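Protein chains: 2
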Amino acid sequence: MLASGTLVPVGSGFPASALSPPRSQPTTAYDERGKLLTDADLTSLSAGEASGLMRSGHMTAQRYVLSLLSRINQRDGRIQAWVFLDAEGAMSQAKALDGLAPEQRGPLHGVPVGIKDIIAVKGMPTRYGSTIHDHDDPAPADAAIVSILRSAGAIILGKTATTEFAATSRGGSCRNPRDLSRTPGGSSSGSAAAVADGHVPIAVGTQTGGSMIRPGSFTGTFALKPTWGALSTEGVGRFSISCDTLGFYTRNMDDLSLLSEIVRISPGSRNIPPPLRPSSCRVAFIRSPMWPKAGPGTQGAWEQAERLLEQAGATVVHVELPKVFNRCYDWRETIVSSEARVAFLPRYIQAKEKLHPSIRKYVESREHPSSEALCEAYDCASQLRNQWDKIAREFDFVLTPSVPDEAPVGLEWTGSSAFCTLWTILHAPALNVPGLVGESGLPVGLTVTGPRSADRRILEAGRFVGKLFGDLQPAL
Amino acid sequence: MLASGTLVPVGSGFPASALSPPRSQPTTAYDERGKLLTDADLTSLSAGEASGLMRSGHMTAQRYVLSLLSRINQRDGRIQAWVFLDAEGAMSQAKALDGLAPEQRGPLHGVPVGIKDIIAVKGMPTRYGSTIHDHDDPAPADAAIVSILRSAGAIILGKTATTEFAATSRGGSCRNPRDLSRTPGGSSSGSAAAVADGHVPIAVGTQTGGSMIRPGSFTGTFALKPTWGALSTEGVGRFSISCDTLGFYTRNMDDLSLLSEIVRISPGSRNIPPPLRPSSCRVAFIRSPMWPKAGPGTQGAWEQAERLLEQAGATVVHVELPKVFNRCYDWRETIVSSEARVAFLPRYIQAKEKLHPSIRKYVESREHPSSEALCEAYDCASQLRNQWDKIAREFDFVLTPSVPDEAPVGLEWTGSSAFCTLWTILHAPALNVPGLVGESGLPVGLTVTGPRSADRRILEAGRFVGKLFGDLQPAL
């Protein structure tokens, strides 16, 4: 384990030793055809591409890490995606990985990853976007998801900014790389911003309401929130046990597919759906009960998506959910409030003055929601999940808005999760697909969803939809 | 935080300094009437009694901790309830607590507690009954439940023996204090044994199948598994997210009631049930579909319980559950297997050779159960919870067997959880009430249960039933 002396908190700068290429390693990187790759090339590689080049010896992990650290060093003063960086540790991990024989190199060999700072990483502190844990020692072990990524060869570069305990919509200092005057969304603010800005090809976040999809839409990244329960949340800060879900940010679908294989989302051959046939697929367009909140950006993206899908030969069916789904919002609120009351009780007792009023309120509302209301919400939400699966299975996939519009101006408020919460409480997989833009030219994503456990199908659908939407310009 | 040098692993003995009473503190303890209390008196106090004496200045926390450490020192060589003890840390916590003004003293002021070793305690290692975490550093922060107990004035004495990741029925070296040739049950083996043997008045365990109730029955302790979700499992090793539930062992009902108040199980005045009237209450006796597994000990206890309740004026109604409840066992198996596959994937990738074959099997069964079967199990179990609540609400409380019989001979196998799993998957509160014995004179508990969130009612019922059953002789 890393001694605390090797931890390099952001703000203290990087040790010069980490940023000067080590003498014994090649300082150049080449693509598969022998073309020299610049730092700019390296920061735009996908995880799969980078790992392939490192596995085949075209690039060392040390070279790659240095290029990303250099990018972060140039950019993160303004973006503030990182709350903790372990530059020396990353270089030493890279060196060890460079020493592995080709056959020992994993599918994420040498790929630096950012981890939302409510998730434990061995040897790094966990601060949860709160001052309560300011003096805790580093974590003794990796959270489940971190352990899997590390076993696949990933380098854990550091911790990314989160709103307080991933449970408030009060923004921090992290900015949207696509417009520094705007929020990147929350609560997985730093993970989305770090990926959008080319600091890392992959980052891990969480969603309890809209904390993966919303920052994905605002920053123009692919964001996957898998089916609830597909990934272990052991080692992750708790907010609402029935809604907390881990997820990934990437800049492309290939990396999401690669990650899904590695972490075994929807394992088993029985879950491989028949191939999606774009020219004959049936797509449900679900505006959802939240549609009145859609601004011009989302309205425009919605119409454009319909045109693009129909041009590609897909059949678009506008589906209105049965009225009972309107009640899901109240049930979700009851479940999240009740579970948050339990989750935050210890920190409330310990240091309530350090908690945001919205978190304090969960604990202080001892009477409401009642336990009877909670049981009713559990049972009704469960029945609706079953009903949702049946509706969604009638289609190849479902498209629905991600957010009301482009990222709001200002850092105070991380934006509305109105369009995301339904899929979270339904435990459905949800994937933000970027590519379209709003009135200011900023990203407006749309969400691909489907029945529970249809993660592979929605990844395939995301690939199809992503191609139709086209690529966004890189951030700034 | 404690430096690692102050940690005293079991087996290395206690530092003499911890076992000699400190000079500046009174070495005597008195009860409320001024009677001198012996070491034997101190080890049989309830948490509430001990804390009361310490709050009122009749005894120091240091005196109390020393008497318990001395008991452990005498006994634990044979029992092996503890896998880690922090004698010095406990004494320094006790000293700090002794320095508090009376009005700062909490409801568990000075009460030493044992924590199952799958639960994080700040400054102590977490080994999970496995060799995988042998070299991890101490935890940087308390698990949620530990934080609450500590805030109430509890002294965290150490970590208690668990089966591997609380997920196997292979026993370790921990013995049943009531018969050293027998298992104390699992997986919360050490927590139950430590309470039964007078090492601590309170210990924390967990249940995913029968891991609280079974050791409670075998060791003759009160064991409360509250409604699922009533306590936060943040900082607790994961086995099955939908079934993992924290719970408490005590030697009496008063301490369980005290703990329930402190940790806010079933908060809110709306959850206070009308007082139970023993002479007119209606009690459902549910043998459950597992009744054919009941041996002579449980059969005898069952008949005796019926006689005792009827003598007290209660109306006993024998209730047979609708046939659909038989399917709950399969649904539970599907849910636990699927969730365990997700939970153990990281450790499987990391060190599968160190995992018990039954844990490896969860991860290796990639095809089975299918995700379709899992969704069906989730939805059906949820419907049954609702149906169960309706059935149980027709009665003041429900009585059902805890285990097939007395603790089995041998340490290899921790016993059958057949009678416990139904209430776990139904998320119902369950309380093992000791007092009756089997053919060898060893404890056979019965379980008080009820609808979800009726924790306060089952505590009240447990008090009534416990009085009827009478006290067991102290262990050995």
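Protein sequence lines correspond, in order, to chains A and B.
Mapped onto full-length UniProt numbering, the consecutive letters of the first sequence carry residue numbers 1 to 476.
Mapped onto full-length UniProt numbering, the consecutive letters of the second sequence carry residue numbers 1 to 476.
Ideal placement from N, C-alpha and C gives every residue a C-beta, glycine not left out.
Note that the coordinates shown come from a computational prediction; the quantities given were computed from them, not determined experimentally.
(request) Using DSSP bridges, identify the partner residues of residue 30 of chain B. (result) Within the second sequence, residue 30 of chain B is the residue found at index 30, counting from 1. Answer by DSSP bridge pairing, in chain order: B:36.
(message) Quick check: residue 424 of chain A and residue 247 of chain A, are their CB atoms within less than 8 angstroms of each other?
(response) Here residue 424 of chain A corresponds to residue number 424 of the first sequence, with the count starting at 1. Here residue 247 of chain A corresponds to residue number 247 of the first sequence, with the count starting at 1. No.
(message) Quick check: the Cα distance between residue 183 of chain A and residue 195 of chain A, rounded to an integer number of angstroms?
(response) The count along the first sequence starts at 1 and reaches residue 183 of chain A at position 183. The count along the first sequence starts at 1 and reaches residue 195 of chain A at position 195. Rounded to the nearest angstrom, the two C-alpha atoms are 15 angstroms apart.
(request) For residue 430 of chain A, name the three-state secondary structure that DSSP assigns. (result) In the first sequence, counting from the first residue as 1, residue 430 of chain A sits at position 430. Of the three classes helix, strand and coil, the one that applies to residue 430 of chain A here is strand, per DSSP.
(request) Identify, in the order they occur along the chain, each residue of the same chain with its Cβ nearer than 8 angstroms to the Cβ of residue 278 of chain A, setting aside the five sequence neighbours on each side. (result) The residue you call residue 278 of chain A lines up with position 278 of the first sequence. Excluding residues within five positions, the ones whose Cβ falls inside 8 angstroms are 312, 313, 314 and 464.
(request) Give a yes or no on whether 8 angstroms exceeds the smallest Cβ distance from residue 342 of chain B to chain A. (result) Counting from one through the second sequence, the residue named residue 342 of chain B turns up at place 342. Yes, because at least one Cβ of chain A sits closer than 8 angstroms to the Cβ of residue 342 of chain B.
(message) Going by DSSP in three states, residue 176 of chain B sits in which element: helix, strand or coil?
(response) Translated into positions along the second sequence, residue 176 of chain B becomes position 176. Residue 176 of chain B falls in the strand class under three-state DSSP.
(message) Check this for me: beta carbons of residue 160 of chain A and residue 81 of chain A, under 8 angstroms apart or not?
(response) The residue given as residue 160 of chain A occupies position 160 in the first sequence. The residue given as residue 81 of chain A occupies position 81 in the first sequence. Result yes, Cβ atoms of residue 160 of chain A and residue 81 of chain A sit closer than 8 angstroms.
(request) Give the secondary structure of residue 228 of chain B by DSSP, where H, G and I count as helix, E and B as strand, and everything else as coil. (result) Taking the first residue of the second sequence as position 1, residue 228 of chain B is located at position 228. In the structure shown, residue 228 of chain B sits in coil (DSSP, three-state: anything other than H, G, I, E or B).
(message) For a test of the three-state rule: what should DSSP assign to residue 249 of chain B, helix, strand or coil?
(response) As a first step, residue 249 of chain B is located in the second sequence; it is residue number 249 there, counting from the start. Strand.
(request) Below 6 angstroms CB to CB, which residues in the same chain sit around residue 266 of chain A once its five sequence neighbours on both sides are set aside? (result) The residue given as residue 266 of chain A occupies position 266 in the first sequence. Closer than 6 angstroms at Cβ, skipping near neighbours: 453, 455 and 456.
(request) Could you spell out where the beta strand (DSSP E) holding residue 285 of chain B opens and where it closes? (result) Numbered from 1 along the second sequence, position 285 holds the residue referred to as residue 285 of chain B. 282-285 is the extent of the beta strand (DSSP E) around residue 285 of chain B.
(message) In the DSSP assignment, the beta strand (DSSP E) including residue 323 of chain A goes from what residue to what residue?
(response) In the first sequence, the residue the question calls residue 323 of chain A occupies position 323. That residue, residue 323 of chain A, is in no beta strand (DSSP E); it is neither H nor E in DSSP.
(message) Against chain B, does residue 457 of chain A count as a neighbour if the rule is that its beta carbon must be under 8 angstroms from one of theirs?
(response) By one-based count along the first sequence, residue 457 of chain A stands at place 457. For residue 457 of chain A, the answer is no, since every Cβ of chain B falls outside 8 angstroms of its Cβ.
(request) List the endpoints of the continuous beta strand (DSSP E) containing residue 160 of chain B. (result) Position 160 of the second sequence holds residue 160 of chain B. From DSSP, the beta strand (DSSP E) with residue 160 of chain B extends over 155-160.
(request) Under the assumption that residue 111 of chain B contacts residue 72 of chain B (Cβ atoms under 8 angstroms), give the Cβ distance between them as a whole number of angstroms. (result) One-based indexing of the second sequence puts residue 111 of chain B at position 111. One-based indexing of the second sequence puts residue 72 of chain B at position 72. Not a contact, Cβ separation roughly 15 angstroms.
(message) At the 8 angstroms Cβ level, is residue 276 of chain A part of the contact set with chain B, yes or no?
(response) For the purposes of this step, residue 276 of chain A is taken as the residue at position 276 of the first sequence. Chain B, which has no Cβ nearer than 8 angstroms to the Cβ of residue 276 of chain A, makes this no.
(request) Count the other C-beta atoms from every protein chain shown that fall within 10 angstroms of the C-beta of residue 134 of chain A, then say buried if there are 16 or more, exposed otherwise. (result) The residue labelled residue 134 of chain A in the question sits at position 134 within the first sequence. The residue is exposed, with fewer than 16 neighbouring Cβ atoms inside 10 Å.
(message) Give me the chain A residues within the contact set of residue 89 of chain B, using Cβ-Cβ distance strictly less than 9 angstroms, ordered along the chain.
(response) For this step, residue 89 of chain B is matched to residue 89 along the second sequence. Correct list: empty, because the minimum Cβ distance to chain A is about 15 angstroms.
(message) Does residue 85 of chain A come out as helix, strand or coil in the three-state DSSP assignment?
(response) The residue labelled residue 85 of chain A in the question sits at position 85 within the first sequence. Three-state result, residue 85 of chain A: strand.
(message) Less than 8 angstroms between CB atoms is the rule here; does residue 199 of chain B satisfy it with respect to chain A?
(response) Locating residue 199 of chain B in the second sequence gives position 199, counting from the first residue. No, because no Cβ of chain A sits closer than 8 angstroms to the Cβ of residue 199 of chain B.
(request) Could you please tell me which residues of the UniProt region "Disordered" (168-193) of chain B, in chain order, have their CB closer than 7 angstroms to any CB of chain A? (result) none
(request) Would you decide whether residue 49 of chain B is buried or exposed? Buried here means 16 or more other CB atoms lie within 10 Å of its CB. (result) Against the second sequence, residue 49 of chain B aligns to sequence position 49. Answer is buried; the Cβ neighbour count reaches 16.
(request) Name, please, each residue of chain B whose Cβ falls closer than 7 angstroms to the Cβ of residue 443 of chain A. (result) Your numbering for residue 443 of chain A matches position 443 in the first sequence. By Cβ distance, chain B contributes nothing, its closest Cβ being about 32 angstroms from residue 443 of chain A, past 7 angstroms.
(request) Kindly indicate the opening and closing residues of the alpha helix (DSSP H) around residue 193 of chain A. (result) On the first sequence, residue 193 of chain A is found 193 positions in, with the first residue counted as 1. 189-196 is the extent of the alpha helix (DSSP H) around residue 193 of chain A.
(message) For a contact defined as C-beta to C-beta under 7 angstroms, what are the partners of residue 295 of chain A on chain B?
(response) In the first sequence, counting from the first residue as 1, residue 295 of chain A sits at position 295. Result: empty, since nearest Cβ-Cβ is about 35 angstroms, beyond 7 angstroms.
(message) What are the residues in the stretch 344-360 of chain A lying within 9 angstroms of chain B by C-beta distance?
(response) 344, 345, 346, 347, 349 and 350
(request) Taking 8 angstroms as the cut-off, decide whether the C-beta atoms of residue 335 of chain A and residue 374 of chain A are in contact. (result) Within the first sequence, the letter at position 335 stands for residue 335 of chain A. Within the first sequence, the letter at position 374 stands for residue 374 of chain A. Yes, Cβ-Cβ distance for residue 335 of chain A and residue 374 of chain A is below 8 angstroms.
(message) Taking its Cβ as the centre, do 16 or more other Cβ atoms sit within 10 Å of residue 176 of chain A, making it buried, or is it exposed?
(response) The residue you call residue 176 of chain A lines up with position 176 of the first sequence. Counting Cβ neighbours within 10 Å, residue 176 of chain A comes out buried, since at least 16 surround it.
(message) By DSSP's criteria, residue 443 of chain A is part of a beta bridge. Which residues make up the other side?
(response) For the purposes of this step, residue 443 of chain A is taken as the residue at position 443 of the first sequence. Residue 443 of chain A is bridged to A:437.
(message) Three or more C-beta pairs under 8 angstroms: does that hold for the stretch 111-126 of chain A against the stretch 139-150 of chain A?
(response) yes
(request) Less than 8 angstroms between the CB atoms is what I'm expecting for residue 232 of chain A and residue 116 of chain A, so what's the real figure, rounded? (result) The sequence position of residue 232 of chain A within the first sequence is 232, counting from 1. The sequence position of residue 116 of chain A within the first sequence is 116, counting from 1. Not confirmed; about 15 angstroms, so no contact.
(message) Taking contact to mean 3 or more Cβ pairs, one atom from each stretch, closer than 8 angstroms, check whether the stretch 272-286 of chain B and the stretch 382-390 of chain B are in contact.
(response) no
(request) Under the assumption that residue 255 of chain A contacts residue 202 of chain A (Cβ atoms under 8 angstroms), give the Cβ distance between them as a whole number of angstroms. (result) Locating residue 255 of chain A in the first sequence gives position 255, counting from the first residue. Locating residue 202 of chain A in the first sequence gives position 202, counting from the first residue. The pair is a contact, with the Cβ atoms about 6 angstroms apart (cut-off 8 angstroms).
(request) Spell out whether any CB of chain B is found under 8 angstroms from the CB atom of residue 137 of chain A. (result) On the first sequence, position 137 is the one that residue 137 of chain A refers to. Cβ-Cβ to chain B under 8 angstroms: yes for residue 137 of chain A.
(request) State yes or no: is the C-beta of residue 114 of chain B within less than 8 angstroms of the C-beta of residue 157 of chain B? (result) Here the question's residue 114 of chain B lines up with position 114 in the second sequence. Here the question's residue 157 of chain B lines up with position 157 in the second sequence. Yes, the Cβ-Cβ distance between residue 114 of chain B and residue 157 of chain B is below 8 angstroms.
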